[in-house]
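Peer 1: Here this note's numbering is used: the first residue of the sequence shown is 14, the next is one more, and so on. Ideal Cβ placement from N, Cα and C applies to all residues, glycine included.
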Amino acid sequence: MTAPLTLSDPRLTPPPRRSDYVRLAAAADRGRWSVERDVRWSAVDPARAHERPDLLTQLRTAALIESYHPVHLGWMLDDTWGDIDAGAAIALEMYEGFKHFHALRSYLDAVGFEPAITDAELVAIRAAARAIGPKGSLVERLVEFMLSEHLASYFFRRIGEQATDPVLAELLAFIAADEVRHAQAASDLLATRIASDPGIVPAVLEAAVHFHHFGEQVVADVPVALPGDPLAIRSFARRIERLCGVRLVDHLKRRI
Ligand SMILES: [Fe+2]
Ligand SMILES: [Fe+2]
Numbered sequence: 014m015t016a017p018l019t020l021s022d023p024r025l026t027p028p029p030r031r032s033d034y035v036r037l038a039a040a041a042d043r044g045r046w047s048v049e050r051d052v053r054w055s056a057v058d059p060a061r062a063h064e065r066p067d068l069l070t071q072l073r074t075a076a077l078i079e080s081y082h083p084v085h086l087g088w089m090l091d092d093t094w095g096d097i098d099a100g101a102a103i104a105l106e107m108y109e110g111f112k113h114f115h116a117l118r119s120y121l122d123a124v125g126f127e128p129a130i131t132d133a134e135l136v137a138i139r140a141a142a143r144a145i146g147p148k149g150s151l152v153e154r155l156v157e158f159m160l161s162e163h164l165a166s167y168f169f170r171r172i173g174e175q176a177t178d179p180v181l182a183e184l185l186a187f188i189a190a191d192e193v194r195h196a197q198a199a200s201d202l203l204a205t206r207i208a209s210d211p212g213i214v215p216a217v218l219e220a221a222v223h224f225h226h227f228g229e230q231v232v233a234d235v236p237v238a239l240p241g242d243p244l245a246i247r248s249f250a251r252r253i254e255r256l257c258g259v260r261l262v263d264h265l266k267r268r269i
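1) Taking only three categories from DSSP, how would you classify residue 215?
2) So does residue 201 have its beta carbon nearer than 7 Å to some heavy atom of ligand 2?
3) Pull up the distance between the alpha-carbon of residue 178 and that of residue 58, whole angstroms please.
4) Can you list, in chain order, the residues of its chain with a C-beta nearer than 8 Å to that of residue 48? Leave out the 5 residues immediately preceding and following it.
5) Residue 154 to residue 100, Cα distance in whole Å?
6) Among the residues of its own chain, which have a CB less than 7 Å from the CB of residue 200, if the five just before and after it don't count?
7) List the whole-angstrom C-beta distance separating residue 198 from residue 102, where the pair is believed to meet the contact cut-off of C-beta under 8 Å.
8) Could you tell me if residue 82 is buried or exposed, where buried requires 16 or more neighbouring beta carbons within 10 angstroms of its beta carbon?
9) With a threshold of 7 Å, establish whether the CB of residue 102 neighbours any heavy atom of ligand 2.
10) Among 67, 68, 109, 175, which one has its Cα closest to the Cα of residue 41?
11) Compare the C-alpha of residue 52 against each of 233, 181, 149 and name the closest.
12) Could you tell me whether any non-hydrogen atom of ligand 2 is closer than 7 Å to the CB of residue 192?
13) From 126, 248, 230, 46, pick the residue whose C-alpha is nearest to that of residue 143; which is it?
14) For the candidate residues 210, 150, 240, whose alpha-carbon lies nearest to that of residue 88?
15) Could you check whether the segment 162-172 touches the segment 188-196, counting it as contact only if at least three pairs of C-beta atoms, one from each stretch, sit closer than 8 Å?
16) Locate the alpha helix (DSSP H) running through residue 148, then write down its first and last residues.
17) Quick one: residues in its chain with C-beta nearer than 6 Å to the C-beta of residue 33, no 5 flanking neighbours on either side, listed in chain order?
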């Protein structure tokens, strides 16, 4: 027989809200993969990889962009220290972005791609960006972060589809899946901010209209795997519309 309910019965108390970081950590755990154990390094085929030097050149640039995370995310961490979920999302991004850099650089070294990436090159990139400093409000930078991750997932997916070495295709599938999760994490941070202050919706929409990939702080030309990729563009707009409850085209019409 079950005990009668009283007002203090814990069954009447809603469960405490789980922090977003709990969900984020669980998703990261489900998606985990190891650079050392899950990439078939012994099966890397340099001859096949060099059949597409254009892809290797793009991946070299992508590795430089991944190596830049400590700079722009360092600024973001500083601006979000009061938000526990944001700290967790940014820390995970920094760790997994490092993994992407580490895996891509290792792959390029394994196939003997030239010019090899040097630590001095990475430091020079960081120094140049730090001399300029962060640009835009935190909301603008969160939108930039979310949409850059969104496009990164398409970039790695498309390059993976064209990769001639199966080991590279597998590696890029791991990375692309991580980027989907990263875009969602940034989206969740924005959703929380919008829920507590719907007044920021116009700023989110404007940031999307004026979006620039954060990789532009690293290289002059951020690589694009499939110029005008219709799926990437449609889903880019959908991400913003889901967050803001406003169609991007309607927002653009209203601005005219
Ligand atoms: Fe990445
Ligand atoms: Fe990422």
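Peer 2: On the basis of the coordinates in this document:
1) Locating residue 215 in the sequence shown gives position 202, counting from the first residue. DSSP places residue 215 in helix when its eight states are reduced to three.
2) Residue mapping note: residue 201 aligns to position 188 of the sequence shown, counting from 1. No, the Cβ of residue 201 stays beyond 7 Å of every heavy atom of ligand 2.
3) The sequence position of residue 178 within the sequence shown is 165, counting from 1. The sequence position of residue 58 within the sequence shown is 45, counting from 1. When rounded, the distance between both Cα atoms is 6 Å.
4) Mapped onto the sequence shown, residue 48 falls at position 35. Taken in chain order, the residues that qualify are 112, 115, 116, 119.
5) Looking up residue 154 in the sequence shown gives position 141. Looking up residue 100 in the sequence shown gives position 87. So the alpha carbons of these two residues sit roughly 15 Å apart.
6) In the sequence shown, residue 200 corresponds to position 187, counting from 1. Closer than 7 Å at the Cβ level, and outside the excluded window around residue 200, lie 159, 252, 256.
7) The residue you call residue 198 lines up with position 185 of the sequence shown. The residue you call residue 102 lines up with position 89 of the sequence shown. The pair is a contact, with the Cβ atoms about 4 Å apart (cut-off 8 Å).
8) As a position in the sequence shown, residue 82 is number 69, starting the count at 1. It counts as buried.
9) Your numbering for residue 102 matches position 89 in the sequence shown. No, since every heavy atom of ligand 2 falls outside the 7 Å radius drawn around the Cβ of residue 102.
10) By one-based count along the sequence shown, residue 41 stands at place 28. Residue 109 is the option with its Cα nearest to residue 41.
11) Within the sequence shown, residue 52 is the residue found at index 39, counting from 1. The shortest Cα separation from residue 52 among 233, 181, 149 belongs to 181.
12) Here residue 192 corresponds to residue number 179 of the sequence shown, with the count starting at 1. Yes, ligand 2 has a heavy atom inside 7 Å of this Cβ.
13) Here residue 143 corresponds to residue number 130 of the sequence shown, with the count starting at 1. Among 126, 248, 230, 46, the Cα nearest to that of residue 143 is on 230.
14) The residue given as residue 88 occupies position 75 in the sequence shown. Residue 150 is the option with its Cα nearest to residue 88.
15) yes
16) For this step, residue 148 is matched to residue 135 along the sequence shown. That residue, residue 148, is in no alpha helix (DSSP H); it is neither H nor E in DSSP.
17) Translated into positions along the sequence shown, residue 33 becomes position 20. Contacts found: 98, 201.
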